[in-house]
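Just so you know, we're using the working numbering here: the sequence shown kicks off at 7 and counts up by one.
Ideal Cβ placement from N, Cα and C applies to all residues, glycine included.
Single-structure report; data block below.
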Amino acid sequence: MTLEQFTREEGQVARRYEYDDAAVLAVDFGTEHAETAVDVVDETVIVVVDGEQYELELPDGADDAHTFMKNGVLTVEMEGDL
7 MTLEQFTREE
17 GQVARRYEYD
27 DAAVLAVDFG
37 TEHAETAVDV
47 VDETVIVVVD
57 GEQYELELPD
67 GADDAHTFMK
77 NGVLTVEMEG
87 DL
């Protein structure tokens with residue numbers, strides 16, 4: 007899945023921020039979604055929003071990834087040689 011596939015709903019915003027040895031992906035699903043969950047399995051970020059599942063493969067060189075959801079915003083923090 008590419009970053010653009012996260013923005014298939016109108017008004018949904020997704021951004022990727024690059025740093026020297028890290029990258030951050032932020033996707034705004036909106037606060038109206040009651041049921042959200044996120045997890046990292048192997049090299050894949052799995053997001054479930056109101057029963058709809060999204061999957062995002064971590065880029066090559068991502069040694070460590072941390073994910074969390076807050077106020078409808080998914081944040082994926084990746085470290086490594088991206």
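**Sequence-distant residues of its chain with Cβ nearer than 8 Å to Gln18 (five each side left out)** = Position 12 of the sequence shown, counted from the first residue, corresponds to residue 18. Cβ neighbours of Gln18 beyond the five flanking positions: Phe12, Val33, Asp34, Phe35, Gly36.
**Inter-stretch contact at 8 Å, needing at least 3 Cβ pairs: the stretch 49-65 / the stretch 20-27** = no
**Prompt:** Got a sec? Which residues, its chain only, sit under 6 Å from Met7 by beta carbon, not counting five neighbours each side?
**Reply:** Indexing the sequence shown from 1 puts residue 7 at position 1. Residue confidence is low: Met7 scores 42 on pLDDT, short of 50, so the model does not pin down where it sits. Its coordinate-derived value is still stated next. Excluding residues within five positions, the ones whose Cβ falls inside 6 Å are Glu61, Leu62.
**Asked** What does DSSP give as the partner residues of His72 in its beta bridges?
**Response** Residue mapping note: residue 72 aligns to position 66 of the sequence shown, counting from 1. Glu83, per the DSSP bridge assignment.
**Item:** Backbone secondary structure at Ala32 - three-state DSSP
**Value:** One-based indexing of the sequence shown puts residue 32 at position 26. DSSP places Ala32 in the strand class (E or B) of the three-state scheme.
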